[in-house]
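Q: Attaching a single structure in structure tokens format; questions to follow.
Number of protein chains: 2
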Amino acid sequence: MIKKLYLVSPGPVPIPEDALVEAAKPIIHHRTEIFSDIFMEVAEGMKYIFQTKQDIFIFASSGTGAMEAAVANLLSPGDEVITINGGKFGERWGEIARAWGLNVHEIVLEWGEPYTGDQLYEELKAHPNVKAVFATLSETSSGSVYDIKSFAEATAKTDAVLVVDAISGLGATPCPMDEWGVDVIVAGSQKALMIPPGLAYIALSEKAWNLVENSKFPKYYFDLKAYKKSLGKKTTPYTPAISLIIQQKKTIDFIKKMGLETIFEHHRILADATRAAVQALGLELLSKIPGNIATAVKVPEGVDGIALVKTVQKKYGVYIAGGQSSYKGKIFRIAHLGYMSAFDIITAISAVEMALAEQGYKFDMGAGVKAAMEIFRREWK
Amino acid sequence: MIKKLYLVSPGPVPIPEDALVEAAKPIIHHRTEIFSDIFMEVAEGMKYIFQTKQDIFIFASSGTGAMEAAVANLLSPGDEVITINGGKFGERWGEIARAWGLNVHEIVLEWGEPYTGDQLYEELKAHPNVKAVFATLSETSSGSVYDIKSFAEATAKTDAVLVVDAISGLGATPCPMDEWGVDVIVAGSQKALMIPPGLAYIALSEKAWNLVENSKFPKYYFDLKAYKKSLGKKTTPYTPAISLIIQQKKTIDFIKKMGLETIFEHHRILADATRAAVQALGLELLSKIPGNIATAVKVPEGVDGIALVKTVQKKYGVYIAGGQSSYKGKIFRIAHLGYMSAFDIITAISAVEMALAEQGYKFDMGAGVKAAMEIFRREWK
Chain A
1051 MIKKLYLVSP GPVPIPEDAL VEAAKPIIHH RTEIFSDIFM EVAEGMKYIF QTKQDIFIFA
1111 SSGTGAMEAA VANLLSPGDE VITINGGKFG ERWGEIARAW GLNVHEIVLE WGEPYTGDQL
1171 YEELKAHPNV KAVFATLSET SSGSVYDIKS FAEATAKTDA VLVVDAISGL GATPCPMDEW
1231 GVDVIVAGSQ KALMIPPGLA YIALSEKAWN LVENSKFPKY YFDLKAYKKS LGKKTTPYTP
1291 AISLIIQQKK TIDFIKKMGL ETIFEHHRIL ADATRAAVQA LGLELLSKIP GNIATAVKVP
1351 EGVDGIALVK TVQKKYGVYI AGGQSSYKGK IFRIAHLGYM SAFDIITAIS AVEMALAEQG
1411 YKFDMGAGVK AAMEIFRREW K
Chain B
1051 MIKKLYLVSP GPVPIPEDAL VEAAKPIIHH RTEIFSDIFM EVAEGMKYIF QTKQDIFIFA
1111 SSGTGAMEAA VANLLSPGDE VITINGGKFG ERWGEIARAW GLNVHEIVLE WGEPYTGDQL
1171 YEELKAHPNV KAVFATLSET SSGSVYDIKS FAEATAKTDA VLVVDAISGL GATPCPMDEW
1231 GVDVIVAGSQ KALMIPPGLA YIALSEKAWN LVENSKFPKY YFDLKAYKKS LGKKTTPYTP
1291 AISLIIQQKK TIDFIKKMGL ETIFEHHRIL ADATRAAVQA LGLELLSKIP GNIATAVKVP
1351 EGVDGIALVK TVQKKYGVYI AGGQSSYKGK IFRIAHLGYM SAFDIITAIS AVEMALAEQG
1411 YKFDMGAGVK AAMEIFRREW K
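Below, the structure written as structure tokens:
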């Protein structure tokens, strides 16, 4: 069989054709007016996606680089912080914070369990010296989206800043920075921003900038003051990832043209269809707070989860994701993120159905696709 | 919704990524050794797809150009010919032949009705002066594949040559030129050859070359003698479509690597899945001799066929084809041709199902996709 490859994993995601072809064009120099103009269109355009009036700083790095930048720029040796660990990426905040020698109060949650702003506020009262809370908007490891708005309401009552890893969520699910009062948002290019990996973004509130002014951690590449100075000159302090910036310009145009609300709604419909499909197959979601970025599905009794994902990926060429850490083999994940259409979901569900059948799982073949189609038919505009 | 465009029409077809990117590379000059080498790899490689030892001539033209080349090079004013018209493309043979003032015996068939070598032999006996028979391997307008082998057996018993429009069929369904004794095969680049439109191919048996030697029709651009002379110099007499030739080299590599038999089997599986899917929806095939290139499906009672195709194309972005000529609105066509995967078929079927439901057609939603999945699951290797 001719096997095409399909990406339905939570990053990287499929890239719009207009952005793809940009990478095939000859590279231009970055210390030029033509590039500076494009660079500033990205820096300004990203404010629309962050929903903020604050400056957006652009790193040539993966999202993790911007997470570390937040830690290195906001804090000083021995500072107390809270990290909310509800999965692989919440756990990462704790790893970074400990790597920098911070005094970490880590809130460890069952994957997919909710956590509220009220709970966070109690934690903050118990640790009044906490300077920053590190949270995750979309925890792709469990397919969850946390209530960032309530977290921001909690931190707003204290001196602590709220730092949100919105890497996989920004642009796919609401997280209006200024309206909700989020102090720091970190994002990455290969998720809802719809280009390849390699760019990371960060924006800071004034409350967060006050911490930056007093930070005593050593830093150079991720020093936000250097980026702030360079932004005034329409550039970055170090070589920007030129082709990625140009591609990003294209997808910002795409996102602006569709409108953020429409794109959120698109992700919601794809997610609803995915959830309806797997439930129609008799499967259960892992998360009690499922988001519209990726759906984590429990592998049913008697099915080998590792073999299932392998069949879907290797035999059918459909790159769903398996489970991470202790959930390896216990869940699989279908993303509905970025430049995906309804038929990417139909493709993913049909590949999963075929693989489930091969594993001897008893179900009504076609029921998943049917459930997805019912939603698309009703909601497609 | 984010709408991606899907091509499931009988040409143009999706193009393998390795061939697509070639068109983004800087153009090279055609009177160079580097291009001549690529050109000859295409001319030689195409022999594998034609299954012939004869030379293959390459035109910068659409397939229709090569059809006209066959007429202009083989015949002389007033010659008698037979054309077999079982659809839009069989009809075209008659149009070209009449445009050149030939004496045409046109066999007009109901779309999708079979025609046999025995019938053709009777026709040839009735018209003993016929110099050429013009037939179609894959008649995409009706989703039919004709029994070319039996036609060749008939013409072999006479002085007439068999000229086959294999534009949409070559490389997707068997038509071994030398083994079957087909005298002339005409092909086009945008079908099973998996690149954009713009190249046409023609190969001739010795029996056909004898006619060429005696042809008195005027010709210049399509003069095969000029192409034969140029082929000895590893080039074409007029500017070749350079980027298309380079893309063709890539897909010949792809086809050779998979193997022609495997590719035929791939098309057969996709076609079986498509036929099973539409039949599971309670729909009927138009053709009594359905091929593995495109499936023509009758629009059921009470469904507006024009609106159906429009919904599938415009709303869902899935470019199935409608009916042509008098079948407009009465059939729709799903191709399973070229660089398509099983999920292109799943996509097409699910879009058709959603559009049928919108038209109020009563059926078991999901049944089509289920039937296709059952076949893919069983046959996918």
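Protein chains in written order, with the numbering used here: chain A, 1051 to 1431; chain B, 1051 to 1431.
Quick reminder that beta carbons are idealized off the backbone N, C-alpha and C, glycines included.
#1: Over the uninterrupted alpha helix (DSSP H) stretch that includes A:Asn1123, give me the two end residues.
#2: According to DSSP, which residues form a beta bridge with B:Thr1348?
#3: Can A:Ser1191 and A:Trp1143 be called in contact, C-beta distance under 8 Å?
#4: Can you tell which of A:Gly1418, A:Leu1320, A:Leu1358, A:Ile1343 has the C-alpha that lies nearest to the C-alpha of A:Lys1431?
#5: In or out: A:Leu1261 buried (at least 16 other Cβ within 10 Å) or exposed?
#6: Using Cβ-Cβ distances below 8 Å, what residues of the region 1184 to 1204 of chain B are close to chain A?
#7: Below 8 Å on C-beta distance, what does B:Tyr1389 contact in chain A?
#8: For B:Asp1168, count neighbouring Cβ atoms within 10 angstroms of its own Cβ and tell me buried if that reaches 16, exposed if not.
#9: Specify, as a first and last residue, the run of the beta strand (DSSP E) that A:Ala1250 falls within.
#10: From the DSSP output, in three-state form, read off B:Asp1215 for me.
#11: Does B:Tyr1171 come out as helix, strand or coil in the three-state DSSP assignment?
#12: Taking A:Thr1286 as the reference, which of A:Val1092, A:Ala1401, A:Ser1059, A:Ile1157 has the closest Cα?
#13: Quick check on B:Gly1144: does DSSP put it in helix, strand or coil?
#14: Out of curiosity, what's the CA-to-CA distance linking B:Ile1198 and B:Thr1186?
#15: Do the region 1343 to 1360 of chain B and the region 1394 to 1414 of chain B make contact, defined as three or more Cβ pairs closer than 8 Å?
#16: In terms of DSSP beta bridges, what is A:Ala1176 paired with?
#17: Express the C-alpha separation of B:Gly1388 and B:Asn1264 in angstroms, rounding to a whole number.
#18: Could I get the ranges of all uninterrupted beta strand (DSSP E) runs contained in the region 1302 to 1380 of chain A, with 3 residues as the minimum, in chain order?
#19: Identify the contact partners of B:His1316 in chain A, using a Cβ-Cβ distance below 7 Å as the criterion.
#20: Quick check for students: name the residue ranges of the beta strand (DSSP E) that lie wholly in the region 1232 to 1290 of chain A, counting only runs of 3 or more.
#21: Once DSSP output is grouped into helix, strand and coil, what is the label at B:Tyr1056?
#22: Go through its chain and collect everything with a Cβ distance to B:Gly1128's Cβ below 8 Å, but skip five positions before and after it.
#23: Taking only three categories from DSSP, how would you classify A:Glu1156?
#24: Would you mind telling me which residues of chain B sit closer than 7 Å to A:Gly1144, beta carbon to beta carbon, in chain order?
#25: Please compile the residues from chain A whose C-beta is within a distance smaller than 8 Å of the C-beta of B:Met1007.
#26: Whose C-alpha, out of B:Asp1215, B:Tyr1270, B:Ile1134, is nearest the C-alpha of B:Thr1114?
#27: Starting from the C-beta of A:Thr1102, find all residues in its chain whose C-beta is less than 7 Å away, skip the five residues before and the five after it, and write them out in chain order.
#28: Only counting the same chain, and skipping five residues up and downstream in sequence, which positions put a Cβ closer than 6 Å to that of A:Thr1166?
#29: Measuring only the C-alpha atoms, how far is B:Val1353 from B:Lys1380?
#30: Within the 8 Å Cβ cut-off, does B:Leu1063 reach chain A?
#31: Can you tell which of A:Gly1193, A:Val1234, A:Ala1291, A:Ala1222 has the C-alpha that lies nearest to the C-alpha of A:Thr1205?
#32: In the DSSP assignment, find the unbroken alpha helix (DSSP H) run with A:Phe1100 in it and report its ends.
#33: Determine, using beta-carbon pairs with one atom in the region 1271 to 1285 of chain A and one in the region 1117 to 1127 of chain A, whether at least three such pairs fall under 8 Å.
A: Concretely, from the data shown:
#1: One-based indexing of the first sequence puts residue 1123 of chain A at position 73. Unbroken alpha helix (DSSP H) run through A:Asn1123: 1113 to 1124.
#2: In the second sequence, residue 1348 of chain B corresponds to position 298, counting from 1. A quick correction: the sequence has Lys, not Thr, at residue 1348 of chain B. Beta-bridge pairing links B:Lys1348 to B:Ile1381.
#3: Numbered from its first residue, the first sequence carries residue 1191 of chain A at position 141. Numbered from its first residue, the first sequence carries residue 1143 of chain A at position 93. Contact flag unset, no.
#4: As a working note, residue 1431 of chain A is residue 381 in the first sequence. Considering only alpha carbons, the answer is A:Leu1320.
#5: The residue given as residue 1261 of chain A occupies position 211 in the first sequence. Looking at its Cβ environment, which holds 16 or more other Cβ atoms inside 10 Å, A:Leu1261 is buried.
#6: Of all residues in the region 1184 to 1204 of chain B, none comes within less than 8 Å of chain A when Cβ atoms are compared.
#7: As a working note, residue 1389 of chain B is residue 339 in the second sequence. Chain A residues near B:Tyr1389: Ile1052, Lys1054.
#8: Counted from its first residue, the second sequence places residue 1168 of chain B at position 118. Result: exposed.
#9: Position 200 of the first sequence holds residue 1250 of chain A. Unbroken beta strand (DSSP E) run through A:Ala1250: 1249 to 1254.
#10: For the purposes of this step, residue 1215 of chain B is identified with residue 165 of the second sequence, where counting begins at 1. Three-state DSSP puts B:Asp1215 in a strand.
#11: Looking up residue 1171 of chain B in the second sequence gives position 121. It is helical.
#12: Taking the first residue of the first sequence as 1, we reach residue 1286 of chain A at position 236. For the residues A:Val1092, A:Ala1401, A:Ser1059, A:Ile1157, the minimum Cα distance to A:Thr1286 belongs to A:Val1092.
#13: Counted from its first residue, the second sequence places residue 1144 of chain B at position 94. Note: B:Gly1144 maps to helix in three-state DSSP.
#14: Within the second sequence, numbered from 1, the residue matching residue 1198 of chain B stands at position 148. Within the second sequence, numbered from 1, the residue matching residue 1186 of chain B stands at position 136. Spanning the two alpha carbons is a distance of roughly 8 Å.
#15: Touching, per the Cβ criterion.
#16: Here residue 1176 of chain A refers to the residue found at position 126 of the first sequence. In DSSP, A:Ala1176 forms no bridge with anything.
#17: If you number the second sequence from 1, residue 1264 of chain B lands on position 214. If you number the second sequence from 1, residue 1388 of chain B lands on position 338. So the two alpha carbons sit approximately 37 Å from each other.
#18: 1344 to 1348
#19: Along the second sequence, one-based indexing puts residue 1316 of chain B at 266. Neighbours of B:His1316 in chain A, taken as residues whose beta carbon is under 7 Å from its own, are Met1051, Ile1052 in chain order.
#20: Runs found: 1234 to 1238, 1249 to 1254.
#21: Walking along the second sequence from the start, residue 1056 of chain B turns up at place 6. Strand at B:Tyr1056.
#22: The residue you call residue 1128 of chain B lines up with position 78 of the second sequence. Taken in chain order, the residues that qualify are Gly1151, Leu1152, Asn1153.
#23: Counting from one through the first sequence, the residue named residue 1156 of chain A turns up at place 106. Three-state result, A:Glu1156: strand.
#24: Stepping through the first sequence from its first residue, residue 1144 of chain A is reached at position 94. Under the 7 Å cutoff, chain B gives no residues; its nearest Cβ is about 35 Å from A:Gly1144.
#25: No information on residue 1007 of chain B is available, as it lies outside the stretch 1051 to 1431 that chain B covers here.
#26: Here residue 1114 of chain B refers to the residue found at position 64 when the second sequence is read from its first residue. Among B:Asp1215, B:Tyr1270, B:Ile1134, the Cα nearest to that of B:Thr1114 is on B:Asp1215.
#27: Indexing the first sequence from 1 puts residue 1102 of chain A at position 52. These residues qualify, in order along the chain: Met1227, Asp1228, Ala1253.
#28: Locating residue 1166 of chain A in the first sequence gives position 116, counting from the first residue. Cβ neighbours of A:Thr1166 beyond the five flanking positions: Ser1200.
#29: Locating residue 1353 of chain B in the second sequence gives position 303, where the first residue counts as 1. Locating residue 1380 of chain B in the second sequence gives position 330, where the first residue counts as 1. One alpha carbon belongs to B:Val1353, the other to B:Lys1380, and they sit about 9 Å apart.
#30: Within the second sequence, numbered from 1, the residue matching residue 1063 of chain B stands at position 13. One detail in the question is off: residue 1063 of chain B reads as Val in this sequence, not Leu. It does not: the Cβ of B:Val1063 has no partner Cβ on chain A nearer than 8 Å.
#31: If you number the first sequence from 1, residue 1205 of chain A lands on position 155. Each of A:Gly1193, A:Val1234, A:Ala1291, A:Ala1222 was checked against the Cα of A:Thr1205, and the nearest Cα belongs to A:Val1234.
#32: The residue labelled residue 1100 of chain A in the question sits at position 50 within the first sequence. Residues 1083 to 1100.
#33: Contact holds: three or more Cβ-Cβ distances are below 8 Å.
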